[in-house]
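Quick notes on the structure that follows.
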Amino acid sequence: MASAPITPPANRTRWQILPYVLVSPTVLIILVIIFWPMAEAMFLSLHDYVLFRPNQLTFVGLGNFIAAMQDEVFWISVGNTALWIGLTVPLQLLLGLTTAVLLNRDFFWRPLARALIIIPWALPSVVIALMWRWIYDPNSGVLNDILFRLGLLQTTIPWLSDPSLALHAIILTMTWQGFPFFAVMLLAALQAVPKSLYEAAALDGATNWQQFVRITLPAIAPVMATAVLLRIVWTANSIDVIYVMTGGGPGYATHTLPLYAFIKARSNLDFGYGSALALLFTAMLAVAVYFYIRRNAKAIG
């Protein structure tokens, strides 16, 4: 006698479907906000589309990408982007790690210091850019005034007008803005390290430096690796501070690749070429992130 097929209870089926129902709004938002613009950028990158020439959407295939390879400003922007990331993130990490180690010690105004250290990270980027523009101002800026009073300068330095100094000046600004992120992340990691490890190491005669290298760094390595990855992505995509402080100048001295793509699309209204630049930057950043994750897989995972 054949047995009847077993059907799952209705309640069980509902519980199986429920997670997908709960996640679907988030997935829909991601598709609309992220993947739809990405698909549109890919479409525009294959076309010659300038906004002040309406109804002229001409398919050019890889023409925009080939033009980028022959664009001198593109390669200048690539070099500036590499310098921008290669200096800003390590400086933020070094300053943030130093700050975290200091804030992990006991001193009477530590709660106030922990509260104040977050201010650069909490301030809007536009406010920071305007503040540092005043600091760097060659006529009324506080930086030149301090250097004059210390006898280190005999004439004013145009920090943001000198092509050899402008990018480094903005890197200093971004270092000041971003190091609290590392400080907070690493401070949390430091507080999770058992004190007994340091006590045992001290009994074995380990110096403070040996304790730092053999205990502290390995213990906070996963958090550090993740924080560096996040800052690489965020710093690479950051254009607001550069745009407000210099607009990409003088000349192309502070042009980064995301900023160049933004200027092409916003100022020149060349959405086809701007989209191609944005996709090239995305591909380059994805490759860099891939190799970083592959090298630090154990720490991140």
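Mind the numbering: the sequence shown is residues 1 to 301 in the UniProt record's numbering, read in order.
In this text, a Cβ means the ideal position worked out from N, Cα and C, and glycines have one as well.
The structure presented is a predicted model; accordingly, all values stated were derived computationally and were not measured.
- The three-state reading of DSSP puts Thr175 in helix, counting H, G and I together.
- Residue environment analysis places Gln56 among the exposed positions, since fewer than 16 neighbouring C-beta atoms fall within 10 angstroms of its C-beta.
- Across the structure, Tyr273 and Gln211 are spaced so that their CA atoms are roughly 53 Å apart.
- The region 191-218 contains, as complete alpha helix (DSSP H) runs of 4+ residues, the segments 195-203 and 208-211 (chain order).
- In the DSSP assignment, Arg149 falls within the alpha helix (DSSP H) that extends over Val142 to Arg149.
- Under the three-state reduction of DSSP, Asp240 is assigned to helix.
- The region 217-228 makes contact with the region 183-191; the number of CB pairs closer than 8 Å reaches 3 or more.
- Ala129 is a Cβ neighbour of Met245, given a cutoff of 8 Å.
- Counting C-beta pairs closer than 8 Å gives fewer than three between the region 152-160 and the region 67-74, which falls short of the contact rule.
- Assignment of Phe65 by DSSP, reduced to helix, strand and coil, places it in the helix class.
- In the displayed model, Val23 falls within a helix according to three-state DSSP.
- Scanning Asn237, Val241, Asn104 and Ile242 for the CA closest to the CA of Met284 turns up Asn237.
- No residue range can be given for Ser161, since it is assigned to no alpha helix (DSSP H) and is classified by DSSP as neither H nor E.
- In the three-state reduction of the DSSP assignment, Thr226 falls in the helix class, which pools H, G and I.
- Separation of Phe148 and Val73 (C-alpha to C-alpha, rounded to the nearest whole angstrom) is 36 Å.
- Look at His47 here: in three-state DSSP terms it is strand.
- From the listed residues Leu93, Ile30, Thr58 and Val23, the smallest Cα separation to Thr235 is found for Leu93.
- Setting aside the 5 residues that flank it on each side, Asp270 is surrounded in the same chain by Val50 and Lys264, each with a C-beta closer than 7 Å to its C-beta; the list follows chain order.
- Under the DSSP assignment, Leu285 falls in the alpha helix (DSSP H) whose first and last residues are Phe271 to Arg295.
- With respect to the C-alpha of Thr88, the residue from Arg231, Val21 and Phe59 having the closest C-alpha is Arg231.
- If you draw a straight line from the Cα of Leu102 to the Cα of Leu95, it is about 11 Å long.
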